[in-house]
Amino acid sequence: MTELQNFCQKPRTMQELVDAGFAAHTVYNAVKRNELKNANAIDAWGRKQRGKGLFVSTVTPIPYNASLLVQAWNTQQQGETNV
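Numbers given in my numbering equal positions in the sequence shown, counted from 1, plus 25.
Structure (structure tokens):
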């Protein structure tokens, strides 16, 4: 995941992205590469919208859940060693 995708986990306007230090062409290239999506590009009826975009990342991070690993280590028998 790129820094731009990480920043766009919640919807951002182009002005917010520029203020954060991202160039406009970088944002548009990320949309072309399907790393970002313009949430305002299409309305409810499927028509293309013109105007201000609202950019959001297409990748959602999956939170790391170590509970199964911890459970496996806690149930390991005494005296058993893994080499």
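Backbone N, C-alpha and C fix where the C-beta goes; we use that ideal spot for every residue, glycine too. Nothing here was measured: the structure is a model prediction, and the numbers come from that model.
Could you tell me which residues DSSP puts in a beta bridge with residue i?
i          : result
residue 73 : 67
residue 83 : Answer by DSSP bridge pairing: none, since residue 83 is not bridged.
residue 58 : Beta-bridge pairing links residue 58 to no other residue.
Residue i and residue j: beta carbons closer than 8 angstroms?
i          : j          : result
residue 64 : residue 84 : no
residue 49 : residue 43 : yes
residue 73 : residue 66 : yes
Return the Cβ separation of residue i and residue j in integer angstroms, given the expectation that the two are a contact with Cβ distance under 8 angstroms.
i          : j          : result
residue 29 : residue 79 : So it is not a contact: roughly 15 angstroms between Cβ atoms.
Relative to the alpha-carbon of residue i, which residue among the options has its alpha-carbon at the smallest distance?
i          : options       : result
residue 47 : 92, 75 and 27 : 27
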